[in-house]
Amino acid sequence: MSGIFITFEGPDASGKTTQIGFLREYLEKEKISFILTREPGGTEIGDQIRSVLLDRKNEGMLPVTEALLYAASRAQLVGEVIRPALQDGYIVISDRFLDSSIAYQGFGRKLGEIVQTVNAPAVDGVRPDLTFLLKTEPSVMRQRRAASEEDRMEAQKEAFHREVLQGYLKLAADEPERIRVIDGERPAEEIAEEIRICVKELYKKRTGKMQKTDGDGTAPDCPSVP
Ligand code: TMP
Numbered sequence: 028m029s030g031i032f033i034t035f036e037g038p039d040a041s042g043k044t045t046q047i048g049f050l051r052e053y054l055e056k057e058k059i060s061f062i063l064t065r066e067p068g069g070t071e072i073g074d075q076i077r078s079v080l081l082d083r084k085n086e087g088m089l090p091v092t093e094a095l096l097y098a099a100s101r102a103q104l105v106g107e108v109i110r111p112a113l114q115d116g117y118i119v120i121s122d123r124f125l126d127s128s129i130a131y132q133g134f135g136r137k138l139g140e141i142v143q144t145v146n147a148p149a150v151d152g153v154r155p156d157l158t159f160l161l162k163t164e165p166s167v168m169r170q171r172r173a174a175s176e177e178d179r180m181e182a183q184k185e186a187f188h189r190e191v192l193q194g195y196l197k198l199a200a201d202e203p204e205r206i207r208v209i210d211g212e213r214p215a216e217e218i219a220e221e222i223r224i225c226v227k228e229l230y231k232k233r234t235g236k237m238q239k240t241d242g243d244g245t246a247p248d249c250p251s252v253p
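So the numbering used here is basically just the index in the sequence shown, starting at one, shifted up by 27.
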């Protein structure tokens, strides 16, 4: 596949949406084709699954049901949107992907390996080229969300969110080449610049294009770009 697959991961309220917005502005300015999607959802069917997953009425949902529904939404998204776009050479940016299921259902719900198993047919070999993990402590997350209404997942106990963060950090330690950990508590503009540098590097490596330099004639480095 000729496209580039970039994912954003992190605990709830880690600033993913803000950062995706900055990256979107940058790619538009550079006139680079991309598509933006999110999980759960991103398709008509996936958005219906999202409503079931996040509805606070569904507090009795079993962990395994939850894992299967996230995988079902992902299967539809990969087949309908992500794979075709990558085959057409687009940059695909997704707000969450498989790592979310491993962190939330694998670690948070303690389902472990089952999560990989049920997701194998959903991702069907599609794997992100680069993942930004916005590391944010659960206490910061609570402050950021103070005034807003919580969905079923956000309303989980702090211990659950702590497990999720630990799960993410374990994933990042296992795959340092792909997963770039960013301190999500730094100023948003600083984080956006770090992300732009990494995306530029990856794009340049893959396409040989966008040889722009930053002022002093040298392109800044992003050591973890695969
Ligand atoms: P969002 O708030 O980033 O849109 O994500 C919705 C919630 O779903 C969020 O609390 C994280 C959770 N989630 C999982 O538990 N497993 C998954 O596989 C995905 C994609 C999201």
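All C-beta atoms, glycine included, are put in the ideal place defined by N, C-alpha and C.
Item: Span of the beta strand (DSSP E) holding residue 162?; Value: 157–162
Item: Short of 7 Å in beta carbon distance, which residues of its chain neighbour residue 95, apart from the five on each side in sequence? Order them along the chain.; Value: 145
Item: Please go through the same chain and pick out, in chain order, the residues whose beta-carbon is closer than 7 Å to the beta-carbon of residue 38, but skip the five residues on each side of it.; Value: 163, 165, 168, 188, 191, 192
Item: For residue 98, collect the residues of the same chain with a Cβ closer than 6 Å to its Cβ; drop the 5 residues on either side in sequence, then sort them by chain order.; Value: 145, 146, 149
Item: With which residues is residue 142 paired in a DSSP beta bridge?; Value: DSSP output for residue 142 lists no bridge partner at all.
Item: Quick one: is residue 121 buried, meaning 16 or more other Cβ sit within 10 Å of its Cβ, or exposed?; Value: buried
Item: Could you check whether the Cβ of residue 122 sits closer than 8 Å to any heavy atom belonging to ligand 1?; Value: yes
Item: Is residue 32 closer than 9 Å to residue 46 when the C-beta atoms are compared?; Value: no
Item: Skipping 5 residues on each side, what residues in its chain have a beta carbon closer than 6 Å to that of residue 154?; Value: none
Item: Checking the sheet assignment: what are the DSSP bridge partners for residue 36?; Value: 160
Item: Between the alpha carbons of residue 207 and residue 157, how many angstroms are there, rounded?; Value: 8 Å
Item: Name the one or two DSSP bridge partners that residue 31 has.; Value: 118
Item: Three-state secondary structure (DSSP) at residue 63?; Value: strand
Item: For residue 214, count the other beta carbons within 10 Å of its own beta carbon; 16 or more makes it buried, fewer makes it exposed. Which is it?; Value: exposed
Item: Return yes when at least one heavy atom of ligand 1 lies under 8 Å from the C-beta of residue 132, else no.; Value: yes
Item: Do you know how far the Cα of residue 54 is from the Cα of residue 233?; Value: 16 Å
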